[in-house]
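See structure below.
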Amino acid sequence: DVKVTQSSRYLVKRTGEKVFLECVQDMDHENMFWYRQDPGLGLRLIYFSYDVKMKEKGDIPEGYSVSREKKERFSLILESASTNQTSMYLCASSRPGANVLTFGAGSRLTVL
Amino acid sequence: LAKTTQPISMDSYEGQEVNITCSHNNIATNDYITWYQQFPSQGPRFIIQGYKTKVTNEVASLFIPADRKSSTLSLPRVSLSDTAVYYCLVGDSPRSGDKLTFGTGTRLAVRP
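Those protein sequences? They're chains C and B, same order as listed.
Counting with this note's numbering, you get residues 691 to 802 for the letters of the first sequence.
Counting with this note's numbering, you get residues 389 to 500 for the letters of the second sequence.
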């Protein structure tokens, strides 16, 4: 009973390519998040959204953008991928007024 | 946003009780304390959440002193399957502007 689904588990892209990471949740959650995880650095917040068409920058938004056209879907976009964006990307969602996040399985992106 | 500090790693043996402490000196009045567990190649998953005093569920207990500047996750009688990274998250609702940033976590190794 997967509740947060990330479209790709593994991706390999080339420098300069445009990359889309898709995330869908079926719990009717208002809040959605994109994190990246790198060894020794824990989880770092890229962007989050607390409503459709709303987006807020996290701690490391540079080089990323997001889109939330529907409540259940939150997309992370790398306009021009670079090698330093090689990482594990984790999507999460939560109800309003709570910091109980449900995470997806993650998308491991390699940029060559 | 309350910054959190946890030990980088801990070792234990099967059957022992493990206590992981998280420091959050500038916790705000509306902040909740939430703990997550993460296995390799998976997203973090919720373990327990509390606001003050003690909370217990089927997998863990959470102890929060009166000043709320720290919290302790207690895992009773750990097994090998409890080997994971544990994250403490302190925050309020994203709609209030809280970014819900994770720390670097505590890597727990349980040995036979």
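Heads up, the beta-carbon is just placed ideally off N, CA and C, and yes, glycines get one too.
For residue i, the residue or residues it bridges with in DSSP
i	result
phenylalanine 490 of chain B	Partner(s): none; phenylalanine 490 of chain B has no beta bridge.
threonine 401 of chain B	The sequence as given places tyrosine at residue 401 of chain B; threonine does not occur at that position. BP columns for tyrosine 401 of chain B point to B:Arg499.
phenylalanine 451 of chain B	B:Lys442, B:Thr460
methionine 722 of chain C	C:Ser739, C:Ser783
threonine 409 of chain B	B:Thr460
threonine 422 of chain B	B:Gln437, B:Leu477
Nearest to residue i (by Cα), restricted to the options the options
i	options	result
threonine 492 of chain B	C:Leu733, C:Phe793, C:Ser772, C:Arg785	C:Leu733
threonine 393 of chain B	B:Asp419, B:Val466, B:Asn413, B:Glu402	B:Asn413
isoleucine 436 of chain B	B:Pro428, B:Phe427, B:Tyr420	B:Tyr420
alanine 782 of chain C	C:Glu752, C:Lys703, C:Met717, C:Phe710	C:Met717
leucine 780 of chain C	C:Pro786, C:Lys708, C:Tyr725	C:Tyr725
asparagine 721 of chain C	C:Arg798, C:Val694, C:Lys703	C:Val694
glycine 431 of chain B	C:Phe793, C:Thr800, C:Val801	C:Phe793
glycine 787 of chain C	B:Asp480, B:Lys487, B:Ser411, B:Ser467	B:Asp480
alanine 454 of chain B	B:Lys440, B:Ile408, B:Ser411	B:Lys440
asparagine 445 of chain B	B:Ser467, B:Pro428, B:Leu463, B:Met398	B:Leu463
alanine 795 of chain C	C:Gly706, C:Cys713, C:Thr705	C:Cys713
Alpha-carbon to alpha-carbon, residue j and residue i
i	j	result
tyrosine 700 of chain C	serine 469 of chain B	25 Å
phenylalanine 451 of chain B	serine 739 of chain C	31 Å
leucine 731 of chain C	leucine 477 of chain B	15 Å
serine 697 of chain C	phenylalanine 764 of chain C	11 Å
methionine 778 of chain C	arginine 798 of chain C	4 Å
tyrosine 424 of chain B	tyrosine 475 of chain B	5 Å
proline 702 of chain C	phenylalanine 710 of chain C	According to the sequence shown, residue 702 of chain C is valine rather than proline. Their backbone Cα atoms lie some 12 Å apart in a straight line.
valine 498 of chain B	glutamine 404 of chain B	9 Å
asparagine 774 of chain C	valine 801 of chain C	8 Å
Residue j beta carbon less than 8 Å from that of residue i
i	j	result
leucine 496 of chain B	threonine 471 of chain B	yes
lysine 457 of chain B	isoleucine 415 of chain B	yes
lysine 487 of chain B	leucine 735 of chain C	yes
>> Short of 9 Å Cβ to Cβ, which residues in the stretch 785-799 of chain C face chain B?
In response: Pro786, Gly787, Ala788, Asn789, Val790, Leu791, Thr792, Phe793, Gly794, Ala795, Gly796, Arg798
> In the stretch 426-440 of chain B, which residues sit with their C-beta less than 8 Å from some C-beta in chain C, listed in chain order?
Replying inline: Ser429, Gln430, Gly431, Pro432, Arg433, Phe434, Gln437
> Residues in the stretch 400-426 of chain B with C-beta within 8 Å of chain C's C-beta atoms, listed in sequence order?
Replying inline: Tyr420, Thr422, Tyr424
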